[in-house]
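What follows is a single structure, written as structure tokens, with notes after it.
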Amino acid sequence: MTASGTGVVVDAGNVPDGMGRFVVLSHENGYKTTYAHLDQISVKVGDQVKQGGLVGTLGNSGTIGRNALYFSIEQEGTALNPANFF
């Protein structure tokens, strides 16, 4: 999985009984993106990631039970529809 935009890793970890392995990036203008159910995490907290940079590999960690990606965008804590950005 690659970063949808340039940002800094502000959280990364594993929630086995939920979203599994995940990465959260902080971007300009108060945006944050989350990538979850990853097989492997390729970054650590504090890393700078450029748009298109690897954050992890697709997987089925957590409770998903199949290969899938959970992706979300929020601005200042408000969830936004990712379809509006692509």
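Counting in this note's numbering, the sequence shown runs from 7 upward without gaps. Where is the CB? At the ideal position from N, CA and C, for every residue including glycine.
Non-local C-beta neighbours of Q46 in its own chain, meaning closer than 6 Å and more than five positions away in sequence, comprise G62, T63, ordered along the chain. N73 carries a coil assignment under DSSP once its states are collapsed to helix, strand and coil. In the structure shown, the three-state DSSP call for E82 is coil. Contact between A18 and K50 holds: their C-beta atoms lie close to 6 Å from each other, under 8 Å. Excluding sequence positions up to five before and after Q54, its CB lies within less than 7 Å of the CB of V14, all in the same chain and listed in chain order. C-alpha of N20 to C-alpha of L86: approximately 23 Å in a straight line.
A straight-line Cα-Cα distance of about 19 Å links E34 and L60. Distance from the Cα of R72 is smallest, within the candidate group G11, P22, H43, S32, for H43. Beta-bridge pairing by DSSP links A42 to F28, Y76.
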